[in-house]
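Since the structure comes first, as structure tokens, the remarks are kept for the end.
Protein chains: 2
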Amino acid sequence: MAFSFDLIKKDTESSARLGKLFTSHGEISTPVFMPVGTQATVKTLSPEDLVNMGAEIILSNTYHLFLRPGHELIRDFGGLQKFMGWHRPVLTDSGGFQVFSLAELRKITEEGVTFQSHIDGGAKHFISPENAVEIQEALGADIIMAFDECIPFPATHDYARESLERTIRWARRCRAAKKDTGQALFGIVQGGMYPELRRHSAEALIEIGFDGYALGGLSVGETKPVMYEMIEASVPSLPQDKPRYLMGVGTPEDLVEGVDRGIDMFDCVMPTRNARNGTFFTSFGKVVIRNSQYEQDARPIDPECGCYTCRNFTRAYLRHLFNANEVLALRLGTVHNVFFYLELMRKVRASIGQGRFREFKREFLTKRGTE
Amino acid sequence: MAFSFDLIKKDTESSARLGKLFTSHGEISTPVFMPVGTQATVKTLSPEDLVNMGAEIILSNTYHLFLRPGHELIRDFGGLQKFMGWHRPVLTDSGGFQVFSLAELRKITEEGVTFQSHIDGGAKHFISPENAVEIQEALGADIIMAFDECIPFPATHDYARESLERTIRWARRCRAAKKDTGQALFGIVQGGMYPELRRHSAEALIEIGFDGYALGGLSVGETKPVMYEMIEASVPSLPQDKPRYLMGVGTPEDLVEGVDRGIDMFDCVMPTRNARNGTFFTSFGKVVIRNSQYEQDARPIDPECGCYTCRNFTRAYLRHLFNANEVLALRLGTVHNVFFYLELMRKVRASIGQGRFREFKREFLTKRGTE
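Residue numbers (the working numbering), protein chains in the order written: chain A, 36 to 406; chain G, 36 to 406.
Written out as structure tokens, the structure is:
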């Protein structure tokens, strides 16, 4: 089945939207949060855990899979879904973000990027827009991303413009390289923190034509108001009938603010990474489980949460597991945080459906102590 | 409900027995393997995982729980079962084995053992037979163990005898200290590698009277024939109507050999620890998953295995997870190895029930390449 997007409802008070993505591995209700499975596993969770908590799509990282175990191996195993035993939709990024994070270990030319891997001790690799697409076709994700440059923050206007123009040329090459695999290809709006570059980027990508549009290069050090401004500068240029994806963002508040501004898709390592550090998201703010205040606390992490962890374990037990460096601690924490994000998006969707998204947003932010 | 043991069937060709243990947290079919949950968690597994794979009882370690999080905390949370969310039976050891493993960090007197903890940087602690029982009563396991000295291997006859006499006096003090909590108290047969000391130990313990009898101090460096000899020296002295528990043993072969010699209960870290190293037990021997031969292997760990891991994942994927240092690797491996042990005991019980245990044993050892 080819990829498609149905816009089900538009909120009247905000730019929030309710939609549905259709892929050959299943449907996805939007707005959606995609847990991050960097190395073909959402760290600590089994596919069964993800299904049980209602995840509909996960993200995996092309850069990591290209280096290990290699995209050919995954292709030979029938694609990422079969390889990792997750039979629902997957999105892969293009590898751009990770490659550009390598700083002095990479060199950019018009053709592509040469870089030294963080794994095999400096072996040189080359990724061009064409082979970023080819690698992602081998990985077999339902949604794949154009190869872009994610510029550092802060960046000068000159550098941002120059990089953006190259990213647009790369986007065109990605579009041209893409075979008829049934996979969706998303373009990525860049332009640093310059609203007019963001607008220009969005317009240029729309002219090329993609199955969806992502906003990249945000949550990289700028303030929240600047991030929101960049979303607001980009989204109005994007077509209503295509999904919009805010890459690598963010906190629960960021998700709600993103939805308010018309974003349909999110991914972020925050819930999984924080969980492994013992920091849990709740309806009333953060719980840092190693704190001594939880030593004898017989309550679940969040008494309002319905996740496996909160239904079965106390803060005192979780604190014990973290203090004793038990592997189970990482998983139980991840189960909670990912469930919290997924549940948040379920509530967001319900509130849009009921025409009370802004009311939900107000209550949510007040209770979290962030408004 | 008080603890009891029903002997259901005795094999005619061997000393194998089929039985059932009754505890206030549920029944246990014997012969049984008890997965080890040292710090109030079977490493990497949730209680749900354990239930799904059919575990009926787990073991936890008094020494570790005494130090962290402390037995009073666990008592205040309603005992180990409630604290860790495992609502089936638990057995705790007495802490003796761990304390005596501390070597120069501990000092034995008639009264008990003074030791420096491995956790809190040398804080001094004291465990006597009386407070070993008290701690275990606080932990609330269904089966608790007498405090014994587990002597080093090899040990002289003089030392073994002297230690054994003290262990017998300690066993008597444990029995006297034990309150009417509904918990079963097991005595531990010691005596090093000296058959007559083993016999003497068993007889002395029977005179004191326990709810079950364990064999301690085995699988500590002696050869297999010596271990089997010690089992054979001890078991005939033990009463038929009480369960017999071979502590800390062992390989799949050891379990089958133990059952053949009349053992009802086993525990060992081998399946869990090996799993975390990427070494898996199968019906045809070991699989060391990091080996390059598995790089493109699309088969499950053991094609005959019905565990969650073997039903869902290939060797190639598991190898990738181990190479990428992913936490999920540890859990999927543990699921397999613990399932393998539990399934082995299910097959052992079925074969005893069908009067074909020896036939099963022969086939099992032949296929494993160990006979």
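Positions of the beta carbon are idealized from the N, C-alpha and C atoms, including for glycine.
- If you look at arginine 204 of chain G, you'll find it in the alpha helix (DSSP H) that goes 192-212.
- For the region 102-116 of chain A, the set of residues with a beta-carbon nearer than 8 Å to any beta-carbon of chain G comprises Arg103, Pro104, Leu108, Asp111, Phe112, in chain order.
- If you draw a straight line from the Cα of threonine 65 of chain A to the Cα of methionine 300 of chain A, it comes to about 7 Å.
- Taking a beta-carbon distance threshold of 7 Å, asparagine 347 of chain G counts as an interface residue toward chain A.
- For a Cβ distance threshold of 7 Å, residue set Tyr352 of chain A lies close to methionine 119 of chain G, ordered along the chain.
- Using a Cβ-Cβ cut-off of 7 Å, threonine 79 of chain A counts as an interface residue toward chain G, since at least one Cβ of chain G sits closer than that to its own.
- For valine 362 of chain A, the nearest CB of chain G lies under 7 Å from its own CB, placing it at the interface with that chain.
- Nearest to valine 370 of chain G by alpha-carbon distance, out of G:Gly256, G:Val71, G:Ser49, is G:Val71.
- According to the DSSP assignment, glycine 368 of chain G belongs to the alpha helix (DSSP H) that extends over 362-388.
- The Cβ neighbour count for glutamate 339 of chain A, taken over all protein chains shown within 10 Å, is under 16; the residue is labelled exposed.
- For the region 170-195 of chain A, no residue has a beta-carbon sitting nearer than 9 Å to a beta-carbon of chain G.
- Here lysine 55 of chain G has Phe40, Asp41, Ile43, Glu62, Ile63, Ser64, Thr65 as same chain residues with Cβ atoms under 8 Å from its own Cβ, once five neighbours each way along the sequence are excluded.
- Taking the beta carbon of glutamine 331 of chain G as reference, the chain A residues within 8 Å of it are Leu108, Asp111, listed in sequence order.
- Distance from the CA atom of arginine 393 of chain A to the CA atom of glutamate 200 of chain A, rounded to whole angstroms, is 37 Å.
- Within 9 Å of the CB of asparagine 358 of chain A, the CB atoms of chain G belong to Arg103, Pro104, in sequence order along the chain.
- Rounded to whole angstroms, the Cβ separation of cysteine 185 of chain G and glycine 131 of chain G is 6 Å, and the two are in contact under 8 Å.
- Under the DSSP assignment, serine 64 of chain G falls outside any alpha helix (DSSP H), being part of the beta strand (DSSP E) whose first and last residues are 61-65.
- Glutamine 133 of chain A has a beta carbon lying at 7 Å or more from every beta carbon in chain G.
- If you look at methionine 300 of chain A, you'll find it in the beta strand (DSSP E) that goes 300-302.
- About 5 Å separates the Cβ atoms of phenylalanine 315 of chain A and isoleucine 336 of chain A, confirming a contact at the 8 Å cut-off.
- Shown here, phenylalanine 135 of chain A sits in a helix according to DSSP, grouped into three states.
- Taking a 10 Å sphere around the C-beta of histidine 235 of chain G, we find 16 or more other C-beta atoms and assign the residue as buried.
- Taking C-beta atoms under 8 Å as the contact rule, serine 49 of chain A and threonine 73 of chain A fail to qualify, at a distance of about 32 Å.
- Under the 7 Å criterion on CB atoms, threonine 401 of chain A is classed as non-interfacial with respect to chain G.
- Taking CB atoms only, leucine 85 of chain G has no neighbour in chain A less than 7 Å away.
- When the five nearest sequence neighbours on each side are left out, the beta carbons in the same chain lying within less than 6 Å of the beta carbon of serine 269 of chain A are those of Val224, Arg233, Ala237, Leu250, in order along the chain.
- Taken through DSSP and simplified to helix, strand or coil, lysine 259 of chain G comes out as helix.
- For the region 43-129 of chain G, the full-length beta strand (DSSP E) segments reaching 3 residues or more read 52-58, 61-65, 67-69, 93-95, 125-127 along the chain.
- The residues Gly285, Thr286, in chain order, have a CB closer than 7 Å to that of methionine 305 of chain A in the same chain once the five nearest residues on each side in sequence are set aside.
- In the three-state reduction of the DSSP assignment, leucine 281 of chain A falls in the strand class.
- Listed by position along chain G, the residues whose Cβ is nearer than 8 Å to that of histidine 160 of chain A form an empty set, because the closest Cβ is around 17 Å away.
- Around the CB of arginine 397 of chain G, fewer than 16 other CB atoms lie within 10 Å, so the residue is classed as exposed.
- For leucine 240 of chain A, no CB of chain G lies under 7 Å from its own CB, so it is not counted at the interface with that chain.
- With contacts defined as CB atoms closer than 7 Å, leucine 281 of chain A and glycine 293 of chain A qualify as a contacting pair.
- Nearest to phenylalanine 188 of chain G by C-alpha distance, out of G:Val323, G:Cys345, G:Gly227, G:Gly283, is G:Gly227.
- Per DSSP, arginine 141 of chain G is one residue of the beta strand (DSSP E) stretching across 141-143.
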